[in-house]
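Colleague:
Numbering (the numbering used here), first residue to last: 13 to 171.
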């Protein structure tokens, strides 16, 4: 053990590989895992910071991520992407509660082109793909209805 920074103890573990090189792993109670120092007979010494914990926040390489699924707290129709598109685009929407959802695409004359969604969906975030390979270039509108929520957005098919 030796001192590191503000009287923080650091533990160094030495690993003998049985070859002409050796490795040290440095651990600090205050900063967590500091890094690995390797040395070889004919090489330059180096130190790399692989990870540490400062004020409860861990920095460095992560091996696993446990994210909670974030549910939407509002109704929203998102802009399609990409826009303009050729020939496919993705339309996203968010539901704040269980709703019967219809998502339809219309041409500039108001004629329905396709129904993309027509079912009950629980609260959450959704995406749907729209393939316009059989349609001509132009402006199209997509409309969502979910309970009392109603929204329309414009998209451009550009060939």
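Backbone N, C-alpha and C define an ideal beta-carbon position, used for all residues, glycine too.
When the Cα atoms are used, what is the spatial distance from residue 151 to residue 167?
Modeller: Taking the first residue of the chain shown as position 1, residue 151 is located at position 139. Taking the first residue of the chain shown as position 1, residue 167 is located at position 155. Roughly 6 Å between the two C-alpha positions.
Colleague: Taking only the alpha-carbon atoms, compute the straight-line gap between residue 85 and residue 126 and give it to the nearest angstrom.
Modeller: Here residue 85 corresponds to residue number 73 of the chain shown, with the count starting at 1. Here residue 126 corresponds to residue number 114 of the chain shown, with the count starting at 1. Between residue 85 and residue 126, the C-alpha separation is close to 28 Å.
Colleague: Assuming residue 142 and residue 103 form a contact by the criterion Cβ under 8 Å, report the distance between their Cβ atoms to the nearest whole angstrom.
Modeller: In the chain shown, residue 142 corresponds to position 130, counting from 1. In the chain shown, residue 103 corresponds to position 91, counting from 1. Contact flag correct, Cβ pair sits at about 6 Å.
Colleague: Is the distance from the Cβ of residue 155 to the Cβ of residue 97 below 8 Å?
Modeller: In the chain shown, counting from the first residue as 1, residue 155 sits at position 143. In the chain shown, counting from the first residue as 1, residue 97 sits at position 85. In this structure, residue 97 does not lie closer than 8 Å to residue 155 by Cβ.
Colleague: So the beta strand (DSSP E) residue 136 belongs to, where does it begin and stop?
Modeller: Translated into positions along the chain shown, residue 136 becomes position 124. Where residue 136 is concerned, the enclosing beta strand (DSSP E) stretches over 136 to 143.
Colleague: So, at 6 Å on beta carbons, what are the nonlocal neighbours of residue 116 in its own chain, with the 5 sequence-adjacent residues on each side left out?
Modeller: What you label residue 116 is simply residue 104 of the chain shown in a count that begins at 1. Once the five neighbours on either side are set aside, the close Cβ partners of residue 116 are 124, 127, 155.
Colleague: In the DSSP assignment, the beta strand (DSSP E) including residue 111 goes from what residue to what residue?
Modeller: Locating residue 111 in the chain shown gives position 99, counting from the first residue. It spans 111 to 118 - the beta strand (DSSP E) in which residue 111 sits, taken as one unbroken run.
Colleague: Is it the case that the Cβ atoms of residue 105 and residue 90 are separated by a distance below 8 Å?
Modeller: On the chain shown, position 93 is the one that residue 105 refers to. On the chain shown, position 78 is the one that residue 90 refers to. In contact: residue 105 and residue 90 (Cβ atoms closer than 8 Å).
Colleague: Select from 108, 114, 147, 101 the residue whose C-alpha is nearest the C-alpha of residue 132.
Modeller: Position 120 of the chain shown holds residue 132. The residue with the shortest Cα to Cα distance from residue 132 is 114.
Colleague: Which same chain residues end up closer than 8 Å to residue 171 when comparing Cβ atoms and leaving out the 5 residues on each side of it in sequence?
Modeller: Locating residue 171 in the chain shown gives position 159, where the first residue counts as 1. The answer, listed in chain order, is 98, 99, 148, 149.
Colleague: Determine the extent of the beta strand (DSSP E) in which residue 106 is found, giving its start and end residues.
Modeller: Counting from 1 along the chain shown, the entry for residue 106 is found at position 94. Unbroken beta strand (DSSP E) run through residue 106: 100 to 107.
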